[in-house]
Amino acid sequence: MPVIQTESEHKPPVNGSYFARVNPEDGGCLLEKYSEKYHDFGCALLANLFASEGQPGKVIEVKAQRRTGKLNFVTCMRQTLEKHYGDKPVGMGGTFVIQKGKVKTHIMVRACGCVMACMCGM
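When you line the sequence shown up against UniProt numbering, it's residues 1 to 122, in that order.
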């Protein structure tokens, strides 16, 4: 997920993004800080972006312990917002904080059109 603070009058741009990739040695997950490997702000192929002015605003805190149905967390959030706001445009961005347990996520495998499931222990 890109985490980029844009340049302003008093501050240079900061790329605080992390990325996950498949470890070629054992097939496990590697989580790396983008700025430790690269020194740019570009993105290619695919990106989930949320832009804001960084001003204080309303916050939604969601606490979850386990899946209770067939839908994933993001789909549940999207459908809940759709039910509440209907056709009104809504933007939502944020961070997932995993305090314990495991998360099932996906990453794009290099040079492959398929999506690979990856179990990352947190």
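The beta carbon of each residue, even a glycine, is placed where N, CA and C say it ideally should be. These numbers were taken from a predicted model, which means no experiment stands behind them.
message: Going by the DSSP bridge assignment, what does L30 pair with across the sheet?
response: R21
query: What does DSSP give as the partner residues of Q5 in its beta bridges?
result: V14
field: Distance between G86 and F19 (C-alpha atoms, nearest Å)
entry: 33 Å
field: Cα-Cα separation between S17 and F50, rounded to whole angstroms
entry: 13 Å
query: So, N48 versus Y34, is the Cβ gap smaller than 8 Å?
result: no
- prompt: Cα separation between K102 and K11?
  reply: 37 Å
field: K37 (DSSP reduced to helix, strand or coil)
entry: helix
Nearest residue (CA-CA) to D40, options K88, V3 and L81: V3
- request: Give the straight-line distance between the Cα atoms of P56 and K70, rounded to the nearest whole angstrom.
  value: 34 Å
- prompt: Whose C-alpha, out of A64, C29 and E53, is nearest the C-alpha of E7?
  reply: E53
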